[in-house]
Amino acid sequence: MVAEAPSAGRLFLITGPSGVGKGTLVAALLQRHPQIWLSISATTRAPRNGEVDGQHYFFLDRSDFDARVAAGGLLEWAEFAGNCYGTPRQPVEQQLASGRPVVLEIELEGARQVRQSFPSGFQIFIEPPSFEELERRIRGRGTDSEEAISRRLERARVELEAASEFDAVLVNADLDQALAELERLLGLA
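For what it's worth, our numbering labels the leading residue of the sequence shown as 222, then goes sequentially.
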């Protein structure tokens, strides 16, 4: 039996607070399982230096983005700092139809929207081993001001309260153990 068969053609959502290690886990997962397709978001913001349309994001103007929202062409979307971000439905459905498992690495509100627009998706919430460890990780990045760290931590408290809404909760205390558990949840182990 092929190990990846249970996850073929299934949508998986991965969320959790900033600093919990979602990106690290997803990168490790994709490296070990190249058959998984990581969804690419659409945005109305301008491309940053080196970003490629269709690889890093789908870059849309606001009228095109709004038209997709109105037509139900996004699984979820939100506006942050004057720019819109969302998950285009068509590429996700194309990948699923081809039998590939699809992963969305997404924030809490987006996960809630996808639960409504794509209820068959399997939703995984990543938790830190403790709030203190989460704070240590966020501070350890060395990229945020004290004000930004405070905002991230306050938001994390709210997000952690939502863990029970998800199909599975995975504690990321040790990367190798968390990756093995994520593979099990996705039917890859």
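Virtual Cβ for every residue (Gly too), placed ideally from N, Cα, C.
All values derive from a computational prediction rather than experimental measurement.
Looking at the backbone, the Cα of residue 328 and that of residue 338 are separated by about 15 Å. For residue 324, the uninterrupted beta strand (DSSP E) segment begins and ends at 323-326. Separation of the CB atoms of residue 297 and residue 273 is rounded to 23 Å, and the pair is thereby denied contact status at 8 Å.
Rounded to whole angstroms, the gap between the alpha carbons of residue 301 and residue 307 is 11 Å.
Listed in chain order, the beta strand (DSSP E) runs fully inside the region 234-315 are 295-301 and 304-309, counting runs of at least 3 residues.
The region 265-284 and the region 376-387 do not touch, with fewer than 3 CB-CB distances between them shorter than 8 Å.
Annotated as distal: residue 259 and residue 241, with beta-carbon spacing of 8 Å or more. Our two residues, residue 358 and residue 373, have alpha carbons roughly 11 Å apart in a direct line. Under a 10 Å Cβ-count criterion, residue 264 is classified as buried, with 16 or more other Cβ atoms of the shown protein chains found around its own Cβ. Counting C-beta atoms within 10 angstroms of its own C-beta, residue 262 has 16 or more neighbours from the protein chains shown and is therefore classed as buried. For residue 396 against residue 406, the beta-carbon gap comes to about 15 Å, at or over 8 Å, which does not count as contact.
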